[in-house]
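Visitor:
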């Protein structure tokens with residue numbers, strides 16, 4: 090039977106890489122599918138990984154009815170053996186319901202990839218709905234690391250290297266660029282203390298004590 094599977098992890102845990110690898114594995118066996126994404130760091134209509142891999146994809150805007158799109162493809166004779174959904178945390182909850190309908194009504198496997206929680210540690214609506222509906226929720230085995238070397242469990246938004254806890258839920262950024270608005274993965278301890286790598290380096294340089302016990 091077809092399944093809706095959700096692979097989740099923090100930024101830098103290889104979600105897009107696994108999505109592209111999953112698509113490659115199916116394609117190498119002669120299977121044909123659809124690849125969807127939403128607000129990828131590389132731009133509209135593309136899925137990319139930090140390893141340099143990328144593929145064309147269908148951009149999921151808020152008005153796209155994914156179920157209707159797939160039915161239309163089938164009605165014109167297109168073959169759809171599987172569906173890849175990257176950046177699924179940005180999908181609307183109704184679109185996650187549509188993915189479940191594709192699995193149950195059309196018998197097509199759906200593989201979704203995304204981040205569970207935002208920079209405020211709140212679940213994205215799309216991720217929350219996936220947790221509620223998915224046949225399986227798998228945490229990625231590639232562990233992103235905090236600057237301290239511990240397993241990173243939280244995504245932090247930074248402005249000029251300083252962690253912020255307020256703002257819009259969705260602001261596209263990356264973890265390997267020195268942009269004004271960027272992201273950093275942290276362990277829970279350093280996320281709760283808002284201690285980023287930049288703040289840590291500044292503390293060591295200045296000789297001021299770091300807030301490990303605060």
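In the numbering used here, the protein residues as written are 90 to 303.
Glycine included, each C-beta is placed from N, C-alpha and C at the ideal position.
May I have the straight-line CA-CA distance separating residue 184 from residue 280, to the nearest angstrom?
Guide: When rounded, the distance between both Cα atoms is 31 Å.
Visitor: Would you report the Cα separation of residue 315 and residue 231, rounded to the nearest angstrom?
Guide: Nothing about residue 315 can be reported from this structure: the residues present for the chain run from 90 to 303 only.
Visitor: Using beta-carbon positions only, say whether residue 308 and residue 229 come within less than 8 Å of one another.
Guide: Since the first and last residues shown for the chain are 90 and 303, residue 308 lies out of range.
Visitor: DSSP three-state label for residue 142, please.
Guide: It is coil, neither helix nor strand.
Visitor: Around the Cβ of residue 254, are there at least 16 other Cβ atoms within 10 angstroms (buried) or fewer (exposed)?
Guide: Classification of residue 254: exposed, given that the 10 Å Cβ count is below 16.
Visitor: Would you check if the distance between the CB atom of residue 204 and the CB atom of residue 156 is smaller than 8 Å?
Guide: Not a contact, by the Cβ cut-off of 8 Å.
Visitor: Let me know if residue 303 comes out buried or exposed under the rule of 16 or more other beta-carbons within 10 Å of its beta-carbon.
Guide: In this prediction, residue 303 scores a pLDDT of 42, lower than 50, which makes its location untrustworthy; no coordinate-derived value is stated.
Visitor: Roughly how many whole angstroms lie between the Cα atoms of residue 132 and residue 164?
Guide: Between residue 132 and residue 164, the C-alpha separation is close to 30 Å.
Visitor: What do you reckon, are the CB atoms on residue 189 and residue 95 nearer than 8 Å?
Guide: Contact: no.
Visitor: Are there 16 or more other CB atoms within 10 angstroms of the CB of residue 243, so buried, or fewer, so exposed?
Guide: So residue 243 ends up on the buried side.
Visitor: Could you tell me whether the segment 280 to 290 touches the segment 105 to 117, where touching means 3 or more Cβ pairs closer than 8 Å?
Guide: Contact between the segment 280 to 290 and the segment 105 to 117 is absent, because fewer than three Cβ pairs lie under 8 Å.
Visitor: So, with DSSP's three-state summary, where would you put residue 185?
Guide: DSSP places residue 185 in helix when its eight states are reduced to three.
Visitor: Restricting to Cα atoms, I'd like to know which of 103, 166 and 116 is closest to residue 140.
Guide: Nearest option by C-alpha distance: 103.
Visitor: Ignoring anything shorter than 4 residues, give me the alpha helix (DSSP H) runs that lie fully in the segment 191 to 252, in order along the chain.
Guide: Listed in chain order, the complete alpha helix (DSSP H) runs (minimum 4 residues) inside the segment 191 to 252 are 214 to 222.
Visitor: Could you please give me the residues that DSSP links to residue 274 through a beta bridge?
Guide: Paired residues: 244.
Visitor: Hey, residue 100 and residue 233: beta-carbon distance below 8 Å or not?
Guide: Yes, these two residues count as a Cβ contact at 8 Å.
Visitor: DSSP on residue 149, reduced to helix/strand/coil?
Guide: The answer is coil: DSSP assigns residue 149 none of H, G, I, E or B.
Visitor: Among 117, 248 and 224, whose alpha-carbon lies nearest the alpha-carbon of residue 186?
Guide: Nearest of 117, 248 and 224 to residue 186, Cα basis: 224.
Visitor: Would you mind giving the Cβ-Cβ distance between residue 125 and residue 145, rounded to the nearest angstrom? I have them listed as a contact below 8 Å.
Guide: Their Cβ separation, rounded to whole angstroms, is 11 Å, which puts residue 125 and residue 145 out of contact at 8 Å.
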